[in-house]
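> Dropping a structure here in structure tokens format, bear with me for questions.
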Amino acid sequence: MQKIQVITDSDSSLTPELAARFDIKLVPIMIRFGEESFATNSEIDDKLLFSKIDYANKLPTTDAPTPGAFAAAYNEAFVAGAKEILCICVSARNSLTYENAQQATREFPGRRIKVIDSKFMTIGQGFLAISAAEAIAKGASLDEAGQLVEQQIPRLTSFAALSTLKYVAMSGRVGKLLAGFSSALDIRPLLTMKEGTLQMTERIRTREAALERLVELLENSVKGKAIEKAALYHINNPEDAKYLEGKLREALPLPAEVFTVPFSPGLSVHAGTGLVGAAFLTK
């Protein structure tokens, strides 16, 4: 059987443990504080990220993996015995990651490297990489695994709640006055993925109401459909992730295994500490 290596970027929210379990190679998004650069997951996590942000009172910049970083990952895979590569990237509408992954394929003429825009991010993107790896382990060809991923993209759903607009205000996406007003009233913006971008859908007052509304939105999004994969994600907020999982298990027939993963520092920069959400892949 031919060896096909699945590669994805760290905006997939796959932990190193999950990546190793499913034989998925991760290419890191880079976080830059001035002259200091950190590879997400291996050199910086959400806890360190926000301690540095709060100390500097300034957001870092994020850099997509360069074509050179992808070329290095492809080369490592081929040297390790891979014959073909399937690379699944964070939504091209949010990052240069997909474009850079495509550009890197030019360094390997004659080699089969398929690059797919997940049109998603965080663990929804991770689900696609896991599904591809599972299919390949069962004997799927590169084309078959790629077709499976493309078919699964429309079956992804995700909703999340911010706990603060403080960090969004730092980015300039909302005014500081609105952020302070929202904080004073404990307003929790709710987010979803739509057309490849993260979009605000509602604003809910109080943590409890926001979590209840998340359950409703997630339940409605999969009504009448079986859930193939499920995960909770959070930014320094495992308590609410555990609470949300319990509520979702009461409301829906979830798979036996539900992942709980960090949002990923490359994405967390733009959302802020305290975020909690869930993602599903339906059958």
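Counting from 1 along the sequence shown, just add 2 to a position and that's the residue number in my numbering. Note that CB positions come from ideal geometry on N, CA and C, so glycine has one too.
Helix, strand or coil: how does DSSP classify L88 here?
Within the sequence shown, numbered from 1, the residue matching residue 88 stands at position 86. In this structure, L88 counts as strand in the three-state DSSP scheme.
> First and last residue of the beta strand (DSSP E) that includes A280?
Locating residue 280 in the sequence shown gives position 278, where the first residue counts as 1. For A280, the uninterrupted beta strand (DSSP E) segment begins and ends at V278 to T284.
> Whole angstroms are fine: how far does the CA of Q149 sit from the CA of A181?
Taking the first residue of the sequence shown as position 1, residue 181 is located at position 179. Taking the first residue of the sequence shown as position 1, residue 149 is located at position 147. At A181 the pLDDT is 40, less than 50, meaning the model places this residue with poor confidence; the figure from the coordinates comes in the next sentence. Distance between the alpha carbons of A181 and Q149: 43 Å.
> Is V81 buried or exposed, if buried means 16 or more other CB atoms sit within 10 Å of its CB?
The residue you call residue 81 lines up with position 79 of the sequence shown. Classification for V81: exposed.
> If you follow the beta strand (DSSP E) that P264 is part of, which residue opens it and which one closes it?
If you number the sequence shown from 1, residue 264 lands on position 262. Unbroken beta strand (DSSP E) run through P264: F261 to P264.
> When the Cα atoms are used, what is the spatial distance from M3 to P18?
Along the sequence shown, read from residue 1 onward, the residue named residue 3 stands at position 1. Along the sequence shown, read from residue 1 onward, the residue named residue 18 stands at position 16. With a pLDDT of 42 at M3, under the threshold of 50, the predicted position of this residue should be treated as unreliable, and no value is reported.
> Compare the C-alpha of L213 against each of Q201, M195 and A253 and name the closest.
Position 211 of the sequence shown, counted from the first residue, corresponds to residue 213. That would be A253, whose Cα lies nearest to the Cα of L213.
> Short check: CB of D65 to CB of M32, under 8 Å?
By 1-based counting over the sequence shown, the position of residue 65 is 63. By 1-based counting over the sequence shown, the position of residue 32 is 30. Yes, they are a contact pair.
> Label A137 either buried or exposed according to how many other C-beta atoms from any shown protein chain fall within 10 Å of its C-beta, with 16 as the threshold for buried.
Stepping through the sequence shown from its first residue, residue 137 is reached at position 135. That one is buried.
> Just verifying my parser: in three-state terms, what is the DSSP assignment at F52?
Here the question's residue 52 lines up with position 50 in the sequence shown. In this structure, F52 counts as helix in the three-state DSSP scheme.
> Suppose the cutoff is 6 Å on Cβ atoms and the five residues either side in sequence are ignored; what does the same chain contact list for G83 look like?
Taking the first residue of the sequence shown as 1, we reach residue 83 at position 81. So the qualifying residues of the chain are K5.
> From F129, I118, L51 and S120, pick the residue whose C-alpha is nearest to that of L20; which is it?
Position 18 of the sequence shown, counted from the start, is the residue given in the question as residue 20. Ranking the options by Cα distance to L20, first place goes to F129.
> Quick check: what's the CA-CA separation for S223 versus R157?
Reading the sequence shown from its first residue, position 221 is the one you call residue 223. Reading the sequence shown from its first residue, position 155 is the one you call residue 157. Cα to Cα, the separation comes out at about 10 Å.
> Quick check: what's the CA-CA separation for G268 versus T42?
Position 266 of the sequence shown, counting from 1, holds the residue named residue 268. Position 40 of the sequence shown, counting from 1, holds the residue named residue 42. If I take the Cα positions, the gap works out to 7 Å.
> Does the contact criterion of 3 or more C-beta pairs under 8 Å hold for the segment 115 to 122 versus the segment 249 to 264?
no
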